Amino acid sequence: MSEEFKIEIVNPEKSFLLKEDVTEVVVPAYEGEIGILKDHISIISFLKPGIIKVITKSVEEKFYVDDGIIEFKDNNLSILTSSIINLKDLDKNKIDELLKQAEEVNSKAEINDQTKYLADQKIEVLKSIN
């Protein structure tokens, strides 16, 4: 019996990724990292800045996201995000640019708790990639 399910990642520009042979996906949700396998219970969750791991029998791909929403239902995982970058395409200059932007947001005098939390998460993830 197949242990595979379908994933589609969509960002504002296009359908970013579509695969039908995924065995596991790990997403950075507010509740913590969520691992999704075939026949996982239906779930809807929000993403925080972090790394999405998409695993098939032959390859593991990693993507950086700023935010998003996931829905898993009937062995179909949909991820909607405003920003996603394949880690293979993320060079040091781009990481430094994203890190600088997050640090600027974090250093503002008038910042609410949610914005500070997200900026802190983004800084932590980008430093771990770097």
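For the sequence shown, the working numbering assigns the number 156 to the initial residue and increments by one for each residue that follows. Glycine included, C-beta positions come from ideal geometry on N, C-alpha and C. Please read these numbers as outputs of a predicted model, since none were measured by experiment.
Residue i - DSSP class collapsed to helix/strand/coil
i, result
"K118", "Residue 118 lies beyond the stretch modelled for the chain, which goes from 156 to 285, so this question has no answer here."
"D268", "helix"
"S290", "The chain is shown only over 156 to 285; residue 290 falls outside these bounds and no answer can be derived."
"K203", "coil"
"K277", "helix"
"I189", "strand"
"S170", "strand"
"D251", "helix"
"K217", "strand"
"K282", "helix"
Whether residue i touches residue j by CB criterion (8 Å)
i, j, result
"T236", "N166", "yes"
"E175", "G190", "no"
"E158", "K193", "yes"
"Y185", "F201", "yes"
"L281", "L254", "yes"
"K263", "P204", "no"
Bridge partner(s) assigned by DSSP for residue i
i, result
"T211", "V177"
> Do three or more CB pairs link the segment 229-239 to the segment 160-177 at distances below 8 Å?
Replying inline: Below 8 Å, enough C-beta pairs join the segment 229-239 and the segment 160-177 to call them touching: three or more.
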